[in-house]
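Heads up: the structure comes next, in structure tokens.
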Amino acid sequence: MPAKSRPLPALTVLAGVNGAGKSSIGGEALQAAGAVYFNPDEYAHQLRSRETLSQVKANAIAWAYGKAKLEAAIAQGTDFTFESTLGGKTITNLLTRAAGKSHQIDIWFVGLKSVDLHLQRVASRVAQGGHPIPEAAIRQRWIGSHENIIRLIPHVTTLRLFDNSPEVAEGEIPDPTLLLSIQNGQLAYPGPDVLSTTPQWAKPIVAAAYRHFGLMG
0 MPAKSRPLPA LTVLAGVNGA GKSSIGGEAL QAAGAVYFNP DEYAHQLRSR ETLSQVKANA
60 IAWAYGKAKL EAAIAQGTDF TFESTLGGKT ITNLLTRAAG KSHQIDIWFV GLKSVDLHLQ
120 RVASRVAQGG HPIPEAAIRQ RWIGSHENII RLIPHVTTLR LFDNSPEVAE GEIPDPTLLL
180 SIQNGQLAYP GPDVLSTTPQ WAKPIVAAAY RHFGLMG
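Residue numbers for the sequence shown follow numbering that gives the first Met the number 0, so the first one is 0 and each next one is one higher.
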């Protein structure tokens, strides 16, 4: 009998622009399952608790450390789970190059109905002691992350796209709405008839998935 092919190691990304709630949704689910993942915000916080660093410097070190760990996982053929805004090209390019060659790519992407809502939620987090994010960075990531998810659709094994716009009371767990699901490289949800009710921010992403799978011209 021919030997069974071994599954590729996985690069798993909890993605979304600052304020989307990716840590609350995906991160807490992973922690509850006993999984380990790299959260650059937590790493930056640990750095600042040990050293006298500005928030900007700590963020830069955390981003570089996460990138190095991703590159090591790709080179060594190991699993790696991490958070990212996917707002820039560097991480997206690394994932694209690894897809189908050394790793499978699994992404949970959490979005909100507008960039202004991201700004509001980051401001609320700052008021509770969280770290600020420059408005210009959030606006750039809002555009870049959506473009990068579309770029990654042909390369993912799994993609779950969520809308987390509804407000919840403090301490409650968000209940995001699933907008798109790709499983094992195939479209699992929804059908093209649902596009008209898809939130405006997500329509280009869902439409790109339909086009990739031959459901739209």
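Note that beta-carbon positions come from the ideal geometry of N, C-alpha and C, so glycine has one too.
Since the model is a prediction, treat every value here as computed from it, not as a measurement.
Going by other Cβ atoms of all chains shown within 10 Å of its Cβ, with 16 needed for buried, is residue i buried or exposed?
| i | result |
| --- | --- |
| GLY86 | buried |
| VAL35 | exposed |
| GLY20 | buried |
| ARG96 | exposed |
| SER123 | exposed |
| GLU166 | exposed |
| VAL125 | exposed |
| LEU29 | buried |
| ARG210 | exposed |
| LEU177 | exposed |
| SER195 | exposed |
| ARG38 | Sequence check: residue 38 is Asn here, not Arg. Label assigned to ASN38: buried. |
| ALA168 | exposed |
| ILE142 | exposed |
| ASN163 | buried |
| GLY18 | buried |
| GLY25 | buried |
| THR11 | buried |
| ALA14 | buried |
| ASN183 | exposed |
| ALA201 | buried |
| ALA57 | buried |
| THR84 | buried |
| ALA72 | buried |
So what does residue i bridge to, in DSSP terms?
| i | result |
| --- | --- |
| GLY110 | ASP162 |
| VAL12 | PHE81 and ILE106 |
| ALA98 | HIS102 |
| THR157 | ASP105 |
| PHE37 | PHE81 |
Please list the terminal residues of the continuous beta strand (DSSP E) segment that includes residue i.
| i | result |
| --- | --- |
| LEU177 | 176-182 |
| ALA188 | The question names Ala, but residue 188 is Tyr in the sequence shown. Segment 185-188, the beta strand (DSSP E) holding TYR188. |
Check for me: the alpha helix (DSSP H) holding residue i runs from which residue to which?
| i | result |
| --- | --- |
| VAL55 | 54-75 |
| ASN147 | 134-151 |
| GLN30 | 27-31 |
| ALA201 | From DSSP, ALA201 is part of no alpha helix (DSSP H); its letter is neither H nor E. |
Quick check: what's the CA-CA separation for residue i versus residue j?
| i | j | result |
| --- | --- | --- |
| LEU110 | GLU50 | First, the residue type needs correcting, since residue 110 is Gly and not Leu in the sequence shown. Each residue's Cα considered, the two are about 33 Å apart. |
| VAL193 | ILE60 | 42 Å |
| TYR188 | ARG159 | 9 Å |
| GLN54 | PRO133 | 11 Å |
| LYS66 | ILE152 | 21 Å |
| SER48 | MET215 | 51 Å |
| SER180 | TYR64 | 30 Å |
| ASP174 | ASP115 | 20 Å |
| ARG138 | GLN185 | 31 Å |
| VAL16 | LEU52 | 24 Å |
| PHE79 | GLY190 | 31 Å |
| HIS102 | THR91 | 14 Å |
| GLU171 | GLU70 | 36 Å |
| SER23 | GLU82 | 12 Å |
| ILE148 | GLU27 | 22 Å |
| THR157 | HIS44 | 30 Å |
| PRO6 | ALA136 | 37 Å |
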